[in-house]
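Asks: In the numbering used here, the protein residues as written are 26 to 247.
Using N, Cα and C, we set each Cβ at its ideal position, and we do this for glycine too.
Small disclaimer: the values here were computed from a predicted structure and weren't measured.
1. My assumption, with CB atoms under 8 angstroms, is that residue 125 sits in contact with residue 178. Please give the rounded CB distance.
2. In terms of residue numbering, what span does the beta strand (DSSP E) encompassing residue 174 cover?
3. Across the segment 116-123 and the segment 96-104, are there enough close Cβ pairs to call them in contact, namely three or more that are closer than 8 angstroms?
4. Just verifying my parser: in three-state terms, what is the DSSP assignment at residue 51?
5. Please report the straight-line C-alpha distance between residue 32 and residue 184, rounded to a whole angstrom.
6. Who are residue 102's beta bridge partners in DSSP?
7. Please confirm if the segment 102-109 is in contact with the segment 145-152, defined as three or more CB-CB distances below 8 angstroms between the two stretches.
8. DSSP three-state call for residue 179: helix, strand or coil?
9. For residue 159, which of helix, strand or coil comes out of DSSP?
10. Closer than 6 angstroms by C-beta to residue 35: which residues in its own chain qualify, once you throw out the five before and the five after it? Chain order, please.
11. What does the alpha-carbon distance come out to for the pair residue 42 and residue 94?
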């Protein structure tokens, strides 16, 4: 009888995850089962193990205390033969650096990110929000109440981890490396501005060296 009850619980969890097509919290599974959270969690874990043991095209992914049924990565190439390939979001080095800082230091403010990188990070943070990798988790209890940012469930899915605690430890000196790269960005930007200023300064000089009438009319005297 107990075995039948367990199988029924797994079937209900499976049906809910398939139908929802997104991550479902343990509490929501408990409501579907009309049981407590621990029973729902155990049923989801059993279902996950069953999918992991067999040869299935789908898998049950745990995202902290949520669950999702999704396609196994090894069958992605087969899937896009019959489905439109999703637009790949390309993260720049700046965005990746900013995302790394948020992932390891969250919750964190823009000011704290900028102290680490040494440059403004508004554009990078906004881009990460657009990509649903980062979100505003709250406000810091400090003057001005600056926004606090953290990573999303989409971040966990994209990087194949169940929790931020599963992230690999950052390499020693990585923060210093980010700061040096940011300083290099500033230097390159400054060089670009100097080049633009030089070009703008040369234009009037070149104009004054020629015949004023030619400069106005755009014709060449013979």
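Replies: Inspection of the coordinates gives the following:
1. The count along the chain shown starts at 1 and reaches residue 125 at position 100. The count along the chain shown starts at 1 and reaches residue 178 at position 153. No, residue 125 and residue 178 are not in contact; Cβ-Cβ is about 18 angstroms, not under 8 angstroms.
2. Here residue 174 refers to the residue found at position 149 of the chain shown. That run of the beta strand (DSSP E) goes 172-176.
3. no
4. The residue given as residue 51 occupies position 26 in the chain shown. If DSSP states are grouped into helix, strand and coil, residue 51 belongs with the helices.
5. Sequence index remark: in the chain shown, residue 32 carries index 7 (1-based). Sequence index remark: in the chain shown, residue 184 carries index 159 (1-based). If I take the Cα positions, the gap works out to 31 angstroms.
6. Position 77 of the chain shown, counted from the start, is the residue given in the question as residue 102. Per DSSP, none; premise fails for residue 102.
7. no
8. Along the chain shown, one-based indexing puts residue 179 at 154. Reduced to three states, the DSSP call for residue 179 is helix.
9. Along the chain shown, one-based indexing puts residue 159 at 134. Here residue 159 sits in strand by DSSP.
10. Here the question's residue 35 lines up with position 10 in the chain shown. If we look at residue 35 and ignore the five residues flanking it on each side, its Cβ neighbours are 68, 71, 72.
11. As a working mapping, residue 42 is identified with position 17 in the chain shown. As a working mapping, residue 94 is identified with position 69 in the chain shown. The alpha-carbon atoms of residue 42 and residue 94 are separated by roughly 6 angstroms.
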